[in-house]
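Have a look at the structure below, then the notes.
Number of protein chains: 2
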Amino acid sequence: MKYNVNAVGREIPEYIEGFGELVPFKGVDAIKPEKKKAGAKLRMRVQQEKKIIETLEEAIKKSGLKDGMTISFHHHMRNGDAVVNMVLDTIAKMGIKDITLAPSSLGTCHEPVIGHIKSGVVTGIQSSGLRSPLGDEISKGILKKPVVIRSHGGRARAVEDGELHIDVTFLAAPSCDEMGNMNGRTGKSACGSLGYAKVDAQYADYVIAVTDNLVSFPNLPASIDQTMVDAVVVVESIGDPKKIVSGAVRETKNPRDLLIAKNAFDAMIHSGYFKDGFVYQTGAGGASLAVTKYLKEEMIKQGIKASLGIGGITGPLVDLHEQGLMDALFDTQSFDLDAARSIAVNPKHYEISASFYANPNTPGPAVNNLDFVMLGALEIDTDFNVNVMTKSNGVINEAVGGHQDTAVGAKMSVILAPLMRARIPIIVDKVTTVCTPGEAVDVICTDYGIVVNPRRQDLIDRFTKAGLNLKTIHEMKELAEKLTGKPEAIEFTDEIVGIVEYRDGSIIDVIKKIKE
Amino acid sequence: MKYNVNAVGREIPEYIEGFGELVPFKGVDAIKPEKKKAGAKLRMRVQQEKKIIETLEEAIKKSGLKDGMTISFHHHMRNGDAVVNMVLDTIAKMGIKDITLAPSSLGTCHEPVIGHIKSGVVTGIQSSGLRSPLGDEISKGILKKPVVIRSHGGRARAVEDGELHIDVTFLAAPSCDEMGNMNGRTGKSACGSLGYAKVDAQYADYVIAVTDNLVSFPNLPASIDQTMVDAVVVVESIGDPKKIVSGAVRETKNPRDLLIAKNAFDAMIHSGYFKDGFVYQTGAGGASLAVTKYLKEEMIKQGIKASLGIGGITGPLVDLHEQGLMDALFDTQSFDLDAARSIAVNPKHYEISASFYANPNTPGPAVNNLDFVMLGALEIDTDFNVNVMTKSNGVINEAVGGHQDTAVGAKMSVILAPLMRARIPIIVDKVTTVCTPGEAVDVICTDYGIVVNPRRQDLIDRFTKAGLNLKTIHEMKELAEKLTGKPEAIEFTDEIVGIVEYRDGSIIDVIKKIKE
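So the protein lines, in turn, are chains P and Y. Heads up: the first sequence runs through residues 1 to 516, numbered per this note's numbering. Heads up: the second sequence runs through residues 1001 to 1516, numbered per this note's numbering.
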């Protein structure tokens, strides 16, 4: 096998069976798009034709799904999703094989996929996330082709430029009418935004809505509308409501999280970007939520208002919006009950597609508007590269999500991470898997202080002037190793089980099979 | 020149210079699409790049517009539009030639286009409508290539399937932010829906927003959003507000219109389609508005509610919606001030694109949901073919609009027309120009009675049973000729100045140069 070394120093094979040629990652914003957008198959439906199809099997037959094709799903049902398993079971029963499963993400509820891999129904997976136990099994090499990991923006790009062609998409619809107009706002399986699904609905050759809540025509707003949907299948349940959206998030009392959050908050307010009209994204972890709490107090104190919150939306951002402190919310995915409620009632809580959110190949993805983004990490290395995909034992777990996209889009990307987890250091010489390149990472906030990427001398100057507790990345790594000892290297075989794409479609890293 | 006779008996040349091969019209729903959707050029914009460009000329330079390219505009500014003329003047000044002008429609305010045709700046026009004086001049043969006339749905189809490729679109934006998020809801040039513009924004290779109302980011809802817009140009005025939307419509007192309306109303309530959940579209003419008035009274009397009003939306439909008699409105174009006000405040007054409205090559254009549509006519022939494009002297005037699309989509299409206008009969042996095929026309209501297309024996039976005043098309024609005399035939040359496409892209008729 021939290799190329990419811009983050990883050896990338020139060619992989089941994938094709690999373009090595060349640095952020290095690859300019030259193609045109791909297009879904044109379809005509005469007036009398009904869209409601009695069974999933019948709808799959009508779609023309065949061996070797690619199917997709959205992950707005999160860990309560019943549609991926339901569809794969049906496909298996119908005797269709060699399917590439290309959902926006997969969770622990998708354990049955393992069986479909072993029986040859599924031979390829392309996803933003993979969790245990599916991730463990793939790390052991059960899948025929290597799994392809893409960020949310990278997936939207791949669908739009035709790299990921979806033959049939199955869209879990919390509310849907007989024409296929759907949204996630009402019904027992309400999930809020259908942001990921919007991309698939637009580019798939055949679109099947799967709903447990058929409502009267017209169902408005139509997050996905009747011009995209070919068939509507009504089922008993598309998921377990208790697992679709989490309940209201609670304030963290964890002192480590509060230390991390305080460091991030200090960095934000001294960055020069904390001013009227700023744009903010954060996650749903304890430290992230604590940052928002500190931020809210400071906004009130200084009389500063944000123009926009982006991303996976949580209750604390809804609170800022409803308090008049944040003018609007761009929501690709509603993370909790507060967000799912808000999107249905607040007109400026605005549903956006994954392409609008993060696709690099448009004249204006929302991530490019970010001033600040708070991000997590499983590992960070001394080149500031971040791993969010493989565990300390080298096994595939978690998800790339919008990490790559927001890190480069934001004026200041902040990684929130404890210095160690379960006596394993987070800052290391080389991360197991590079997901986000160090070039796009500006600030790291741990419970032991703040590290700024030397590329951002402007921030180092500001923070030094403000008297913040700065360390270099090497100081931080040594501190970690002093506390935990140096971790043992993981042993891998040469077999490639996963490919991590950068958002532009180039390859930032590969994941190898672990030695058992 | 070789000809083919199409399904409405018109001789269609096999090939026309400046257009290419012509597919003769084969009947409604006869041509199934086989292609994939076309795609706009992928574009990447790095974070720091500003979208606001100082001048229109600079934005045109950045767009890469060159001789021979196609530019587009929307016609939501109607007869108050200033953007078409402003852009063509700039292009002319820059020395660019041989441009195809492909707006969604053109009005009387676009007289200056004549000068740009004569100077060679504009050599092709593709539009739904053409009015005097531009229509008169084109009928005289001043344009290098024949003008291409498409319905609203046909244009959306042509853009989506790549038949009409737009290089640069210039979108008049009543409100717009620095990222290009725009809508038609606020500002001095507020026009309501931006339904036509939505298609162009999605498929053009370069999108320039032209606004006279730059608002703070993010401008929501974004009828057209930041992922589609490349440049924003701020100008003094995009149009004359007085001519953009008409004032509130007034009730007609014209007894002829009331007779036509009464016949249409009788036909509707005895059609079998007048029941809970019906879907309705009507125009802004006196007779159309009177139908809606009668309808409202009957709905209240019988306790019947409509699910949906579609189309160009007018005050009387907004009234039905706000009174709780019509659940929702699908709005491609807001016809008056009431509609423009309503779309900004009523969540179920829903903005839809021209493709959603009427594109035949999607699994669900809104026109396919229609029970009733009220349509106009300049001429109707004994095969029920309708002309809405050429005047009684053969000169191009008016617009095809959604006529072709709704006529075939609706369960019952109703043509409202007086038996004669200025002593010229409306019902004739052969219409000057076939725009909508008789196959799609169900009922004709004149001030002298009702004619039902013999294809619709079901309606004839129902109306006969209800005791309605039915005539055959030949009886109606003879009645007209008895009152007016037989009109003299118009004399044409052999030179083709216009091509009328059916919504599927086949050719339903050609328009010839008149003998002077």
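Even for Gly, the Cβ is constructed at its ideal location relative to N, Cα and C.
- Straight through space, the alpha carbons of I1052 of chain Y and V1235 of chain Y are spaced by roughly 11 Å.
- For the 8 Å CB-CB criterion, S1506 of chain Y and V1084 of chain Y do not form a contact.
- The Cβ of R1155 of chain Y sits no closer than 8 Å to any Cβ of chain P.
- By the criterion of a C-beta distance shorter than 8 Å, F19 of chain P is surrounded in its chain by K145, P146, V148 and I499, once the five residues flanking it on both sides are discounted.
- Annotation: the continuous beta strand (DSSP E) that includes S307 of chain P extends over A306 to I313.
- The C-alpha of V1168 of chain Y lies about 26 Å from the C-alpha of E163 of chain P.
- Distance check between G1129 of chain Y and each of Y:L1295, Y:H1152, Y:S1307 and Y:V1008 places Y:H1152 closest, using alpha-carbon atoms only.
- If only complete runs of 4 or more residues are kept, the stretch 1142-1228 of chain Y shows the alpha helix (DSSP H) at 1152-1160 and 1195-1203, in order along the chain.
- Scanning chain Y for C-beta atoms nearer than 8 Å to the C-beta of M179 of chain P yields G1364 and N1369, reported in chain order.
- Cα atoms of E11 of chain P and D509 of chain P: separation of roughly 8 Å, rounded to the nearest angstrom.
- Between I1096 of chain Y and L1134 of chain Y, the C-beta gap is not smaller than 8 Å, which leaves the two residues out of contact.
- A Cβ-Cβ contact shorter than 8 Å links M44 of chain P with P1033 of chain Y.
- Following the DSSP letters along the chain, one finds I1071 of chain Y inside the beta strand (DSSP E) bounded by residues T1070 to S1072.
- Classified as exposed, Y15 of chain P has fewer than 16 neighbouring CB atoms from the shown chains inside 10 Å of its CB.
- By the criterion of at least three beta-carbon pairs nearer than 8 Å, the stretch 1417-1437 of chain Y is not in contact with the stretch 1225-1241 of chain Y.
- For the stretch 1206-1232 of chain Y, the set of positions with a beta-carbon nearer than 8 Å to some beta-carbon of chain P reads V1207, S1216, F1217, P1218, L1220, P1221, A1222, D1225, Q1226, T1227, M1228, V1229 and D1230 in chain order.
- By the neighbour-count definition (other C-beta atoms within 10 Å, threshold 16), R1250 of chain Y is an exposed residue.
- Three or more Cβ pairs drawn from the stretch 1170-1188 of chain Y and the stretch 1215-1229 of chain Y lie within less than 8 Å of each other, which places the two stretches in contact.
- The Cβ of F356 of chain P sits closer than 8 Å to at least one Cβ of chain Y.
- Under the Cβ distance rule, S506 of chain P does not count among the residues neighbouring chain Y, no pair being separated by less than 8 Å.
- Under the 8 Å criterion on CB atoms, K1032 of chain Y is classed as interfacial with respect to chain P.
- Under the Cβ distance rule, Y1350 of chain Y counts among the residues neighbouring chain P, one pair being separated by less than 8 Å.
- In the displayed model, S1127 of chain Y falls within a strand according to three-state DSSP.
- Counted as a single uninterrupted DSSP element, the alpha helix (DSSP H) harbouring L1289 of chain Y occupies residues G1286 to Q1302.
- Residues of chain P with a Cβ closer than 7 Å to the Cβ of P1360 of chain Y are, in chain order, M44.
- Look at the stretch 1277-1291 of chain Y: the residues with a C-beta under 8 Å from a C-beta of chain P are G1277.
- Bounds of any beta strand (DSSP E) do not take in A40 of chain P, whose DSSP letter is neither H nor E.
- Contact annotation for K1037 of chain Y against chain P: G39, A40 and L42 [CB-CB distance below 7 Å, chain order].
- Per DSSP, N1263 of chain Y lies in no beta strand (DSSP E) segment; the continuous alpha helix (DSSP H) that holds it begins and ends at P1255 to I1269.
- By the C-beta density criterion, P437 of chain P is buried, having at least 16 other C-beta atoms within 10 angstroms.
- Using a CB distance cut-off of 8 Å, S307 of chain P counts as an interface residue toward chain Y.
- Residue pairing of E1379 of chain Y in beta bridges, as defined by DSSP: Y:N1387.
- The alpha-carbon of T1314 of chain Y is positioned some 15 Å away from that of D1327 of chain Y.
- Between the alpha carbons of G1192 of chain Y and A1340 of chain Y lies a distance of about 4 Å.
- Of all residues in the stretch 1046-1059 of chain Y, only V1046, Q1047 and K1051 come within less than 8 Å of chain P when Cβ atoms are compared, listed by chain position.
- G409 of chain P belongs to the set of residues whose beta carbon lies under 8 Å from a beta carbon in chain Y.
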